[in-house]
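Per full-length UniProt numbering, residue 1 is the first one in the sequence shown, and the count goes up by one each step.
This report concerns only the one structure given below.
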Amino acid sequence: MTMVGNKRSKMIFFDTTNSGHHFLYNCNVLEGFDISGESYVYLSKLNKDQQRQLALKKITYKVLDTKSTNVRLHDLELIIKMFFYMLKSRIKKVHFLYLDSIFPQLLILLPILLLFRLQVTGTLHWYPKQMYKIKIMNFMINLGIIKNIIVHGEYTKDKLIKEFKGLNNDNVTSIQYPYIHNDNEKSGYEPPLQKLGSVPHILLFGGLRHDKGLDILLEAASIIKEKQFILLIIGKEEYFKQNDVRSYIDFYNLKDKVYLEIGYVPDEMVSSYFNMSDIVVLPYRKVFAGQSGPLTEGAAKSKVIIGPNHGEIGHTISKYNLGLTFKTENVNDLAQKLRYCIDHLEEIKTNIRPGLDNYQNLIKVSRFKKAYYSVLANNH
């Protein structure tokens with residue numbers, strides 16, 4: 001384990017991983033506390049490049065490691081090491097930056113939490129769907145273990161307060177998920193596709209997971225293929241592999257309508273794809289319960305958002321007037337909304353402009369940092 005920073009810490013920030021957008025998100029939280037002059041330390045599994053970036057930002061950190069390949073054992077070992085560090089350093093307070101995935105591990109370590117009266121807060125990115133997570137979370141709230149929860153949306157906050165008796169407006173806070181993509185990191189590379197004049201470009205961006213509904217979108221696109229549009233499918237293989245996607249495209253005869261870029265997308269490339277798009281589509285299934293990175297990115301880039309009418313995404317699109325919603329998992333309704341958006345694109349862009357201006361102010365990273373600090377500083 002490696003330690004950087006000399007200040008006596010009052011609180012631990014912890015995450016089991018720094019993959020994907022975790023690291024960028026976590027850095028912005030930590031920077032808010034660093035500016036405040038408070039003394040905190042970030043404990044996590046960090047590679048050399050991440051350690052270098054934290055050092056440059058003068059963020060105090062400690063490297064944890066484990067050789068376990070089993071996800072739950074991996075996370076459990078890291079949390080145990082984090083608790084040992086807390087006890088050794090006489091730190092009582094910890095904020096879990098990704099509370100969603102560690103409820104079973106916290107239950108196993110409940111005796112340590114109770115015996116040493118450790119104070120736990122956490123960020124819940126998704127409303128828990130699995131019954132075992134709901135029961136563990138409810139148990140730990142009622143025991144007073146979990147003191148405060150941060151979520152990213154009023155819909156999730158209201159649902160938590162409604163479903164968990166121990167939660168209320170005093171211990172659940174909604175902070176808008178920020179626009180944290182760094183536009184200054186540009187490689188000068190542009191995607192090979194050139195924007196085709198006035199033809200609307202519709203973007204599906206992100207990992208090709210089943211819950212994100214790629215198959216739903218392609219079927220909907222096949223219904224309106226007489227329209228002039230380009231569908232950009234950008235993301236890495238997950239549930240859907242490249243061969244699966246190409247099979248769908250061939251089956252629906254969409255070869256001339258789809259531009260496909262399957263693989264990891266570097267951060268510096270993200271803006272290029274959003275900038276060339278007119279519409280960002282989120283064909284997500286009902287099981288998807290969280291906020292959406294592509295929604296935030298699209299709204300920040302002043303794009304029309306089309307998403308499901310359920311959960312946090314539907315609530316956000318409707319409340320802030322960011323675009324159109326369709327009946328979740330309803331192919332025909334999605335096709336209808338896509339057709340309407342293609343036919344009335346400029347009118348819709350004009351109508352949603354005030355909502356986009358308001359939302360872009362809410363997702364500023366400076367606002368996010370201040371809100372995070374305010375919540376945790378006032379609750380510790």
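In this text, a Cβ means the ideal position worked out from N, Cα and C, and glycines have one as well.
- Remark: C-beta atoms of Val365 and Ile145 do not approach each other more closely than 8 Å.
- In the three-state reduction of the DSSP assignment, Gln119 falls in the strand class.
- Short of 7 Å from the beta carbon of Asp215, and not among the five residues preceding or following it, lie these beta carbons of its own chain, in chain order: Tyr248.
- Sixteen is the threshold: since fewer than 16 other Cβ atoms of the shown chains lie within 10 Å of the Cβ of Ile108, the residue is exposed.
- Looking from the CA of Arg117, the closest CA among Val331, Lys337, Met140 and Thr316 belongs to Met140.
- Sequence-distant Cβ neighbours of Leu78 in its own chain, meaning closer than 6 Å and more than five residues away, are Thr16, Leu64 and Thr66.
- Every unbroken stretch of the beta strand (DSSP E) spanning 3 or more residues and falling wholly within the segment 99–175 is given here in chain order: 119–124, 146–151 and 172–174.
- Taking the CA atoms as reference points, Leu232 sits about 11 Å from Gly206.
- Take the alpha-carbon of Lys58 and the one of Lys81: they are about 23 Å apart.
- Judged by their CB atoms, Leu204 and Tyr252 are not nearer to each other than the 8 Å cut-off.
- Cβ contact annotation for Ile175 (same chain, cutoff 8 Å, sequence separation greater than five): Ile150, Val151, His152, Phe368, Ala371, Tyr372 and Val375, in chain order.
- Beyond the five residues adjoining it in sequence on each side, Lys301 comes within less than 6 Å, by CB distance, of Phe274 in the same chain, given in chain order.
- Counting along the chain, Phe251 sits inside the alpha helix (DSSP H) bounded by residues Gln242 to Phe251.
- In the same chain as Leu167, and ignoring 5 residues on each side of it, the C-beta atoms closer than 8 Å to its own belong to Ile141, Ile149, Leu160 and Ile161, in chain order.
- Taking C-beta separations shorter than 7 Å and ignoring five residues to either side along the sequence, the partners of Ile224 in its chain run Ala335, Leu338 and Arg339, following chain order.
- With fewer than 16 neighbouring CB atoms inside 10 Å of its own CB, Asp256 falls in the exposed class.
- In this structure Tyr177 is buried. Its beta-carbon is surrounded by 16 or more other beta-carbon atoms within 10 angstroms.
- In this structure the segment 41–55 does not lie against the segment 119–135, because fewer than three pairs of beta carbons, one per stretch, are closer than 8 Å.
- Residue burial is scored here from C-beta neighbours: Pro266 has fewer than 16 other C-beta atoms within 10 angstroms and is therefore classed as exposed.
- DSSP, read as helix, strand or coil, puts Asp343 in helix.
- Ranking Asn351, Tyr25 and Arg72 by CA distance to the CA of Gln50 puts Tyr25 first.
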